[in-house]
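Written below as structure tokens is the structure these notes are about.
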Amino acid sequence: MERLYEETGDEYVRPNRISHASVINALSKQGDFVSAQKAQDILEKMEERGQHSDDDDSVRPDIVCYTSVIDAWARSNSEDAGVYAEELFRRVDTLFKETGDERLKPNSRTYCSVINALGRSRAQGSAERAEQFLRQMERKYDQYHEELIKPTTILYNALIDAYARSPLVDKAERAHALLVQMREQSDIEGREYLRPDVITYNSVLNACANVFGDDEAKARAYRIALRSFRELHKQFSSQENTATKTRAQKRNGNLGPTSVSYALILKALRKLVEPGDERDDMIRRIFQLCIARGLVNHGVLEQVKSAFSDRRGEEFSELLSKCDGDVITFESADSIDVRNLPSEWTRNAGR
């Protein structure tokens with residue numbers, strides 16, 4: 002398009018903010034470093050052209066463009082993603098403060114993209130920086146009460162995910178503390194926009210399942226994982242048995258475990274608890290709950306198989322039989338596939 006405009010001078014094919022934003026958005030979805038760098042290059046060309054265009058600002062980037070480039074870095078799998086994201090945020094925030102141009106004003110999506118970029122970079126201190134960004138946004142919202150910068154469940158989920166990906170030994174405690182804060186603010190203060198959802202609980206479970214450290218750290222993470230899973234399961238059960246739902250329940254649907262929830266609690270059990278009868282019994286009981294909900298999928302089955310990887314085929318078959326009451330026979334654990342399981346076990350696995 003740029004080449005065609007240069008060759009013809011036709012205003013109808015002149016690239017503008019919208020056309021550039023479309024290209025940047027497409028690049029942001031590619032999920033690699035090269036695409037993120039291309040998106041940033043386009044943004045910088047827009048900035049340069051905008052500065053030299055006194056009579057026409059149609060090419061100047063707006064907050065949508067900046068946010069899309071930040072999102073491109075968040076998806077780039079680069080260790081420096083957080084650095085690039087923070088630099089871009091500071092740049093556009095400074096421009097907004099200097100010019101007062103509302104088109105450059107950072108919004109909740111901008112903050113969320115920065116938090117995602119920091120969390121996914123896994124660099125030392127990134128999760129803590131992500132929390133600083135969220136707290137900064139909360140302070141602004143409490144001061145100005147602007148809908149554009151309202152903190153939401155989505156932003157808290159992004160921060161919990163950042164902690165789950167971090168190398169911090171106390172990641173489980175930090176993730177759970179955020180869940181508790183969300184619950185208190187929604188239940189006590191009436192901030193429905195911060196009510197935890199199943200992604201919140203799954204992110205806490207993921208943080209627990211990926212804890213590394215001594216036995217004490219693993220024990221703490223295990224307790225948090227069980228507490229979070231039981232709370233999630235309890236809320237699902239109470240909603241099933243309640244004729245009338247709260248407004249939050251009607252809006253969010255049934256807040257209950259998904260196949261991902263079961264896979265994560267099983268992973269936490271497998272990694273945090275020493276092998277033995279107690280662990281076997283817990284895995285069996287949770288797998289039974291999963292079967293009852295019809296939520297067994299490949300991820301769930303792989304966690305169970307990993308937990309019993311040292312068992313012979315007949316022993317694994319016995320485990321599955323104990324879970325369902327039917328006799329199911331497999332030659333080996335490796336031969337067990339989700340497609341071979343009773344359809345009732347997997348009937349809701351698409352959730």
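If you want this note's numbering, it's the position in the sequence shown, counting the first as 1, plus 1.
Ideal Cβ placement from N, Cα and C applies to all residues, glycine included.
Tell me whether isoleucine 337 sits in a helix, a strand or coil according to DSSP, three-state version. Note: isoleucine 337 maps to coil in three-state DSSP.
Pairs of beta-carbons, one from the stretch 276-288 and one from the stretch 204-219, closer than 8 Å: are there three or more? Cβ pair count under 8 Å is below three, so no.
Here's the rule: buried if 16 or more other CB atoms are within 10 angstroms of the residue's CB, otherwise exposed. What is asparagine 341? Exposed.
Enclosing alpha helix (DSSP H) for arginine 348 [first to last residue]: Looking at the DSSP string, arginine 348 is not in any alpha helix (DSSP H), and its letter there is neither H nor E.
If you reduce the DSSP assignment to three classes, tell me which class valine 274 lands in. Three-state DSSP puts valine 274 in coil, outside helix and strand.
Below 8 Å between beta carbons: does that hold for threonine 259 and leucine 227? In terms of Cβ geometry, threonine 259 and leucine 227 do not form a close pair [threshold 8 Å].
Would you say the stretch 92-99 touches the stretch 119-133, given that touching needs at least three Cβ pairs under 8 Å? Taking 8 Å as the limit for Cβ pairs, the verdict is that the stretch 119-133 does not touch the stretch 92-99.
Assuming lysine 46 is part of the alpha helix (DSSP H), what are its boundary residues? 34-52 is the span of the alpha helix (DSSP H), which, as asked, contains lysine 46.
Among Ala178, Leu149, Ile150, which has the Cα closest to the Cα of isoleucine 161? When each option's Cα is compared against that of isoleucine 161, the closest is Ala178.
What is the rounded straight-line gap between the Cα of tyrosine 202 and the Cα of serine 23? Whole-angstrom Cα-Cα distance: 34 Å.
Would asparagine 108 pass as a contact of alanine 159 if the rule is Cβ separation under 8 Å? No, Cβ-Cβ distance for asparagine 108 and alanine 159 is not below 8 Å.
Could you please give the first and the last residue of the uninterrupted alpha helix (DSSP H) stretch that includes leucine 206? For leucine 206, the enclosing alpha helix (DSSP H) has its first and last residue at 199-210.
In the DSSP assignment, find the unbroken alpha helix (DSSP H) run with glutamine 31 in it and report its ends. Here glutamine 31 belongs to no alpha helix (DSSP H), and DSSP marks it neither H nor E.
Quick check on DSSP: helix, strand or coil for lysine 268? Looking at lysine 268 - three-state DSSP - the assignment turns out to be helix.
Beta-carbon proximity list for serine 307, same chain, < 7 Å, skipping 5 on both sides: Result list for serine 307: Arg271, in chain order.
Just confirm the distance between the C-beta atoms of serine 77 and aspartate 33, as a whole number of angstroms; I'd bet it's less than 8 Å. Right, the Cβ-Cβ distance comes to about 6 Å (below 8 Å), so this counts as a contact.
Cα-Cα separation between asparagine 298 and arginine 50, rounded to whole angstroms: If I take the Cα positions, the gap works out to 52 Å.
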